[in-house]
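Enquirer:
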Amino acid sequence: MLSEIRSARDSIERQTGTQLNVTGNTAVNIDVADNLSAALPVYCLLVMGLALAVGVLVDAFIVRMTLVPAVMTLLGHQAWWLPRFLQRILPDVDVEGEQLMRHSATPQTLPHQTPQTVPVLHDRYDQ
Numbered sequence: 007m008l009s010e011i012r013s014a015r016d017s018i019e020r021q022t023g024t025q026l027n028v029t030g031n032t033a034v035n036i037d038v039a040d041n042l043s044a045a046l047p048v049y050c051l052l053v054m055g056l057a058l059a060v061g062v063l064v065d066a067f068i069v070r071m072t073l074v075p076a077v078m079t080l081l082g083h084q085a086w087w088l089p090r091f092l093q094r095i096l097p098d099v100d101v102e103g104e105q106l107m108r109h110s111a112t113p114q115t116l117p118h119q120t121p122q123t124v125p126v127l128h129d130r131y132d133q
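Residues in the sequence shown are numbered from 7 upward in steps of one, following this note's numbering.
1) Where does Asp-100 land, buried or exposed, given buried means 16+ other C-beta within 10 angstroms?
2) Is it the case that the Cβ atoms of Ala-85 and Leu-63 are separated by a distance below 8 angstroms?
3) Do you know whose CA, among Val-48, Arg-108, Asn-31, lies nearest Asp-65's CA?
4) Starting from Ala-76, trace the alpha helix (DSSP H) in both directions and tell me its first and last residue.
5) In its own chain, which residues sit with a C-beta less than 8 angstroms from the C-beta of Leu-106, not counting the 5 before and 5 after it?
6) Locate the alpha helix (DSSP H) running through Ile-68, then write down its first and last residues.
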């Protein structure tokens with residue numbers, strides 16, 4: 007979601023609704039697998055399985071489905087604002103190809119280029 011901060015806001019808001027269903031289903035599947043490992047008699051695996059299961063459920067249902075949409079609603083337009091110092095550091099990732107369409111709509115005239123000869127390497131089997 008953060009990599010698409012420069013994309014259109016409404017398309018990301020539409021995507022969020024479908025992404026929440028996928029996130030919830032994935033979290034439940036991972037949680038079931040982790041609880042199966044927690045059922046093993048080895049104590050170390052039991053602790054790791056339960057901790058991972060709780061972490062996945064908290065991340066999926068509390069953070070991604072509740073906190074992120076709530077914070078983005080509270081911040082409004084500022085949630086889509088990228089600070090100037092980050093604009094200089096981060097690359098401009100064109101996910102939807104808007105820059106490509108803009109460049110293909112206005113063809114640029116290239117300066118006259120002279121053809122260059124490229125040396126061809128031959129090996130002993132070319133003869």
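Each residue gets a CB set at the ideal place from its N, CA and C atoms; glycine is no exception.
Expert: This is what the structure gives:
1) exposed
2) no
3) Asn-31
4) 74 to 81
5) Asp-100
6) Taken as a continuous stretch (DSSP letters only), Ile-68 belongs to no alpha helix (DSSP H), as it is neither H nor E.
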